[in-house]
Amino acid sequence: MSSYGISMSAYGSPIEGYPPLGGQIVVDLRSDTISKPTPEMKNYMFNCEVGDDVYLEDPTCKELQEKAAKLAGKESAIFVPSGTMGNLIAIMAHCDRRDSEIIVGDCSHIMLWEQGGASQLKDRCQQQNIPVHMDGARVFNAAIYLGLPLSEVLASVDTVMFCLSKGLGAPVGSILAGPEEFIQKAIRIRKVLGGGMRQVGYLAGAGLFALDNHVERLRRDHEQTRLIAQAINKMKCPFIEIDLSNVQTNILVVNFSGNITAEMFRQRLLTITDEELTVLGRNNVCYVRVSSLTERTIRIVHYLNVTVEDIKLAIQKIAFVAKELSCKLNKRMKGYGEMKVNYL
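Numbered according to our numbering, the sequence shown spans residues 1 to 344.
Shown next, in the form of structure tokens:
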């Protein structure tokens, strides 16, 4: 998505030395959470019928929940303000006794960011009467990649949370789905946590529109992400490595080695030098925003509002920066010219 902006770090804090030039665009590839509603979605939201959802009387929210439950292959579902709340509600609903415990992976989102072999796991858990919950924030991307119905992907879990506000492009909201008894408990917990909303149909309508119109288009995000990965790979940059076999959906992880760190590269993407202006021309330069995952990795994410022109500019920027840093390391980047011709 092209936008005009100010200096921000991977997680939002200002970066020194990033004054946008007049007229220069920012291609923001940090996350699909950056996505914004399309004009068609906004028009749909504006015309939604609404009611008081705390009284369970919002017709649009009801329709969204019924559709989401059916797609997920679950008995029931509720709309929640965020994925974090959806996961928290699931934990509280499943672990409703004082001595309850939850088992999560040490790198899971719940562990790292929420303070806190699926079919084989499900079989073992069933034997012990242990429910399985999935943090399925981008599970639609997984379903598209696997070529499977969402219900089949989720068949091995009891409950699931998935986001409407990432690749699907809604402005806010997530779905929590599972057995009817679980959802009734979840409704009470949502209220306790402050998640009960009144005329929520305007927001639920965006989710409904997304499920009807934006699921299949995730395939385009995946295809464009792979094109970005292939273009960067063709640069044959000595300090950049991409595992193309792992480029499966809309998220690309780029690895750095040697003297070049992820943060060094990321900050350079937020700078336009005099040499860039001279070589590329004012109309072909841009700022590119990506996320630093670790000291050696950055993340590039394609989403709804990213255009082909955005990607061309971003690849050109990455190629220029890679060549510049490569020259500083006295190493020739053989694929730069070839990449520029083939992709752009």
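In this text, a Cβ means the ideal position worked out from N, Cα and C, and glycines have one as well.
DSSP state of residue i mapped onto helix, strand, coil
{"i": "M41", "result": "helix"}
{"i": "L309", "result": "Note that residue 309 is Glu in the sequence shown here, rather than Leu. Three-state result, E309: helix."}
{"i": "R289", "result": "strand"}
{"i": "S165", "result": "coil"}
{"i": "E263", "result": "helix"}
{"i": "M197", "result": "coil"}
{"i": "V215", "result": "coil"}
{"i": "V50", "result": "coil"}
{"i": "M1", "result": "Because the pLDDT of M1 is 49, which lies under 50, any placement of that residue in the model is unreliable, and the number read from its coordinates should be weighed accordingly. If DSSP states are grouped into helix, strand and coil, M1 belongs with coil."}
Beta-carbon proximity check, residue i vs residue j, cutoff 8 angstroms
{"i": "L193", "j": "I311", "result": "no"}
{"i": "A72", "j": "L148", "result": "no"}
{"i": "N250", "j": "G195", "result": "no"}
{"i": "I25", "j": "I187", "result": "no"}
{"i": "F265", "j": "V301", "result": "no"}
{"i": "M161", "j": "G207", "result": "no"}
{"i": "A137", "j": "G83", "result": "yes"}
CA-to-CA distance, residue j to residue i, given in whole angstroms
{"i": "A143", "j": "V215", "result": "10 angstroms"}
{"i": "E66", "j": "T60", "result": "10 angstroms"}
{"i": "L64", "j": "M92", "result": "23 angstroms"}
{"i": "G201", "j": "I260", "result": "48 angstroms"}
{"i": "E263", "j": "V306", "result": "23 angstroms"}
{"i": "E324", "j": "A170", "result": "38 angstroms"}
{"i": "A177", "j": "R299", "result": "29 angstroms"}
{"i": "N283", "j": "N213", "result": "34 angstroms"}
{"i": "R198", "j": "N141", "result": "30 angstroms"}
{"i": "P131", "j": "F182", "result": "11 angstroms"}
{"i": "G173", "j": "P39", "result": "18 angstroms"}
{"i": "V253", "j": "C286", "result": "21 angstroms"}
DSSP beta-bridge partners of residue i
{"i": "D274", "result": "Beta-bridge pairing links D274 to no other residue."}
{"i": "L252", "result": "I300"}
{"i": "A77", "result": "A177"}
{"i": "D135", "result": "M161"}
{"i": "E63", "result": "DSSP output for E63 lists no bridge partner at all."}
{"i": "T294", "result": "T297"}
{"i": "I25", "result": "C286"}
{"i": "E223", "result": "DSSP output for E223 lists no bridge partner at all."}
Buried or exposed by the 16-neighbour rule on C-beta atoms within 10 Å, applied to residue i
{"i": "V139", "result": "buried"}
{"i": "C163", "result": "buried"}
{"i": "K74", "result": "buried"}
{"i": "T294", "result": "exposed"}
{"i": "K234", "result": "buried"}
{"i": "K317", "result": "buried"}
{"i": "T273", "result": "exposed"}
{"i": "D53", "result": "buried"}
{"i": "F209", "result": "buried"}
{"i": "C327", "result": "exposed"}
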